[in-house]
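**Q**
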Amino acid sequence: MEASLGSHLRPYLSHPFPQELEEARRWEGARDVRPLDGNVRRWGGLLLPNNPPYNTGAFRFELTFSPNHPLEPPCATLRTPIYHPSVDLKGRVCQPLTSEAHWEPTTRAIQVLQDLLLQLDSPDPQRVLRPKVAKELQERPEEFRRRAEEHTRLHAEPRPDPHA
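Read in order, the letters of the sequence shown correspond to residues 1 to 164 in the UniProt record's numbering.
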């Protein structure tokens, strides 16, 4: 496979997972980022949204890398239930950055996590996996916010101490 790749992609085949994992661990937008079950291609952690209606909780995520990473995008999933137009009931996320059409092998894992947090902080009714929730966000934003806050209160994990 490597022989058929352009020389500009060869450096990415030996992906620096340890460096990217360390970079994600230092990022203030998440806590407890680590390989799951000792698998460096499957990370977990907590996302810490900054803005209402999600900023009162922490949301467990999973980032899974294919064996062909970085030539193929990782898959981000939220394990904590969330009332959000871009996240379906199974935790799948509408994230254009990680779509086949937009993926670039030079994109770092931290950029995927930052994009995911940005989506939580600023729900976009154009990135839709739950049409009814998106319609509510557009037509009845106060009702959307009330439901999202209640859902966060019921399902999100407590936010970790920022000094820990």
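Glycine included, every Cβ here is placed at the ideal spot set by N, Cα and C.
With three or more beta-carbon pairs closer than 8 Å as the criterion, would you say the segment 31-48 touches the segment 128-147?
**A** Touching, no, given that fewer than three Cβ pairs across the two stretches are closer than 8 Å.
**Q** Quick one: grab the DSSP three-state call for P131.
**A** In this structure, P131 counts as helix in the three-state DSSP scheme.
**Q** Among H84, P105, N68, L63, which one has its Cα closest to the Cα of R127?
**A** Measuring from the Cα of R127, the nearest candidate turns out to be H84.
**Q** Does the contact criterion of 3 or more C-beta pairs under 8 Å hold for the segment 150-158 versus the segment 102-120?
**A** Contact fails: fewer than three Cβ-Cβ distances are below 8 Å.
**Q** I believe P74 touches A101 by the beta-carbon criterion, under 8 Å. Please report the beta-carbon distance rounded to the nearest angstrom.
**A** With 8 Å as the limit, P74 and A101 do not qualify as a contact, their Cβ atoms being about 15 Å apart.
**Q** Taking the continuous beta strand (DSSP E) assigned at R147, which residues delimit it?
**A** Taken as a continuous stretch (DSSP letters only), R147 belongs to no beta strand (DSSP E), being part of the alpha helix (DSSP H) at 141-155.
**Q** Based on the DSSP output, what are the partners of F59 in its beta bridges?
**A** Answer is L47.
**Q** Work out the CA separation of S86 and Q119 for me, nearest whole Å.
**A** C-alpha separation (whole angstroms): 8 Å.
**Q** With the cut-off set at 9 Å, would you say A134 and F59 are in Cβ contact?
**A** Cβ distance not < 9 Å, so A134 and F59 don't count as in contact.
**Q** Kindly indicate which residue of R79, N55, W27, S122 has the alpha-carbon position closest to the one of L36.
**A** Of the candidates R79, N55, W27, S122, the one whose C-alpha sits nearest the C-alpha of L36 is R79.
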